[in-house]
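**Student:** Throughout, our numbering is defined as the position within the sequence shown, counted from one, plus 2. Using N, Cα and C, we set each Cβ at its ideal position, and we do this for glycine too. Because the structure is a prediction, the values reported are computed rather than measured.
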Amino acid sequence: MILVTGGAGFIGSNFVLDWLAEHDEPVVNLDKLTYAGNLRSLAGLAGDARHVFVHGDIGDAETVGALLSRHRPRAIVNLAAETHVDRSIRGPRAFIDTNVVGTCTLLECTRTWWESLPPDERAAFRFLHVSTDEVYGSLGPVDPAFSETTPFAPNSPYAASKAASDHMVRAWHHTWGLPTLTTNCSNNYGPRQFPEKLIPLMIVNALAGKPLPVYGDGQNVRDWLYVGDHCSAIRAVLARGRPGEIYNVGGNAETSNLDVVHTLCRLLAERVPGRDFAAQVAFVADRPGHDRRYAIDATKIRSELGWTPSESFESGMARTVDWYLANGEWLASVQSDEYRKWMDIQYA
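#1: Closer than 8 Å is the cut-off here; do at least three beta carbon pairs connect the segment 144–153 with the segment 79–94?
#2: Kindly confirm or deny that the segment 177–185 and the segment 110–121 touch, where touching means at least three C-beta pairs closer than 8 Å.
#3: Measuring alpha carbon to alpha carbon, tell me which residue in A38, L5, P94 and V66 is nearest R52.
#4: Could you check what DSSP says for F148 in three-state terms: helix, strand or coil?
#5: Are the beta-carbon atoms belonging to D26 and H57 less than 8 Å from one another?
#6: Given that a residue counts as buried once 16 or more other Cβ atoms are within 10 Å of its Cβ, and exposed if not, what is K343?
#7: Could you give the uninterrupted runs of the beta strand (DSSP E) lying entirely in the segment 57–133, keeping only those of 3 residues or more?
#8: Pull up the distance between the alpha-carbon of T112 and that of A68, whole angstroms please.
#9: Does D225 come out as helix, strand or coil in the three-state DSSP assignment?
#10: Could you tell me whether the Cβ atoms of V323 and L270 are closer together than 8 Å?
#11: If you check the beta carbons only, do D225 and G253 fall under 8 Å apart?
#12: Just tell me which of E136, T134 and M3 has its CA closest to the CA of A126.
#13: Could you work out which residue in L266, A241, L70 and M170 is closest to I201 when comparing CA atoms only?
#14: Could you pull the start and end residues of the beta strand (DSSP E) that E306 belongs to?
#15: Return the CA-CA distance between A280 and D219, expressed in angstroms with no decimal places.
#16: Does F196 come out as helix, strand or coil in the three-state DSSP assignment?
#17: Using the DSSP secondary-structure output, state which residues sit across from D33 in a beta bridge.
#18: For the beta strand (DSSP E) holding F285, just list the boundary residues, first then last.
#19: Report the residue ranges of all alpha helix (DSSP H) runs contained in full by the segment 316–342; include only those spanning at least 4 residues, in chain order.
#20: Once the 5 residues before and after R273 are set aside, which same chain residues still bring their CB inside 8 Å of it?
#21: Output the boundary residues of the beta strand (DSSP E) element that contains S392.
#22: Express the C-alpha separation of A77 and L240 in angstroms, rounding to a whole number.
#23: With a threshold of 16 other CB atoms inside 10 Å of the CB of S317, please say whether the residue is buried or exposed.
#24: Quick check: the Cα distance between G230 and G192, rounded to an integer number of angstroms?
#25: With 16 as the cutoff for other CB atoms within 10 Å, does V30 come out buried or exposed?
#26: Please state if the CB of T134 and the CB of I60 are separated by a distance shorter than 8 Å.
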């Protein structure tokens, strides 16, 4: 079996669902169920004996140690993280607690347990840490894309906390030989994403007739990666990646935020006739320290592991819009009073 941390979040729930659709190998799913964790995302696994959910924190050494001793996973996929840049600017401490201290606790519990294993199990074990392209900082308009050797230059508290966790994963491999793997991915989008991030937020606001808030001039560029493609990349790295290595994962889809919003408006208008969603676009004050451009060079994962994304930006966006339109109950369930207060504060 494998242990997945953060498996009730956006990428985590998609990974668990895709894993069990592709494999019979069981998953133990450890999630703290913060505001962005949602068991409704895993409702399709109700009664499936291959999925064991545990409500807990990667920073709780007792819980982690007990899970490792009881289940003896052949691999850990660490997806547990605080991930929203805006929230890290308003309150960085939670990002340090989970992304730095929590990752350290998880690594130490894993190392202690791993060192007790028989040699063959020790050699076969893998610890896969999922990270972000934001650790590399910001690019100019014509700068080459981030590679695995790009120096770290994080510009937000979120990015700094993830950079710290990446460095720890590297150190645990170098110092103790823990067989780690790290992936640094570009901006994910797709089903089950909490609607504080750009794409689901635009869909929620568009359908509700609310303004579509775009930071600054809307020309900040990101590489967009469909979450299903990201999940397939994680599986490829887990299966064939070389311990100690880093693999960048990108969607080959550099697009400005404003073009993302206009694409969503067009796709929604095709499905909800008679609405001029583009008229709802509203430019708002820019985010402090807003990185201008991210771009991923995914040559390494393509050449070494044979992975490439299956979805284009257009096809992935169409699938995403269709999922949210078909899952209004899920979307309504995550829009709590706390969520609405956060949106009011953030975009006032």
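**Tutor:** Straight from the coordinates:
#1: Contact between the segment 144–153 and the segment 79–94 is absent, because fewer than three Cβ pairs lie under 8 Å.
#2: Between the segment 177–185 and the segment 110–121, the count of C-beta pairs closer than 8 Å reaches three or more; the two stretches touch.
#3: That would be L5, whose Cα lies nearest to the Cα of R52.
#4: In the three-state reduction of the DSSP assignment, F148 falls in the strand class, which pools E and B.
#5: No, Cβ-Cβ distance for D26 and H57 is not below 8 Å.
#6: A residue is called buried when at least 16 other Cβ atoms come within 10 angstroms of its Cβ; K343 does not meet this threshold and is exposed.
#7: If we require 3 residues or more, the beta strand (DSSP E) runs fully inside the segment 57–133 come out as 77–80.
#8: Each residue's alpha carbon lies about 11 Å from the other.
#9: Here D225 sits in strand by DSSP.
#10: Cβ distance < 8 Å, so V323 and L270 count as in contact.
#11: Closer than 8 Å, so yes.
#12: Nearest option by C-alpha distance: M3.
#13: Of the listed residues, the one whose Cα sits closest to I201 is L266.
#14: Membership of E306 in any beta strand (DSSP E) is not indicated; the residue belongs instead to the alpha helix (DSSP H) covering T301 to L307.
#15: The straight-line gap from Cα to Cα measures roughly 15 Å.
#16: The answer is coil: DSSP assigns F196 none of H, G, I, E or B.
#17: Bridge partners of D33: H57.
#18: Taken as a continuous stretch (DSSP letters only), the beta strand (DSSP E) holding F285 covers V283 to V286.
#19: As far as the segment 316–342 is concerned, its whole alpha helix (DSSP H) runs of at least 4 residues are 330–335.
#20: Excluding residues up to 5 positions away in sequence, V323, D324 and L327 lie with their Cβ nearer than 8 Å to the Cβ of R273 in the same chain.
#21: Residue 392 is absent from the structure shown; the chain starts at 3 and stops at 350.
#22: C-alpha separation (whole angstroms): 8 Å.
#23: Counting other Cβ atoms within 10 Å of its Cβ, S317 stays below 16 and is therefore classed as exposed.
#24: Taking the straight line joining both Cα atoms gives about 8 Å.
#25: V30 is classed as buried because its beta carbon has at least 16 other beta carbons within 10 Å across all chains shown.
#26: With contacts defined as CB atoms closer than 8 Å, I60 and T134 fail to qualify as a contacting pair.
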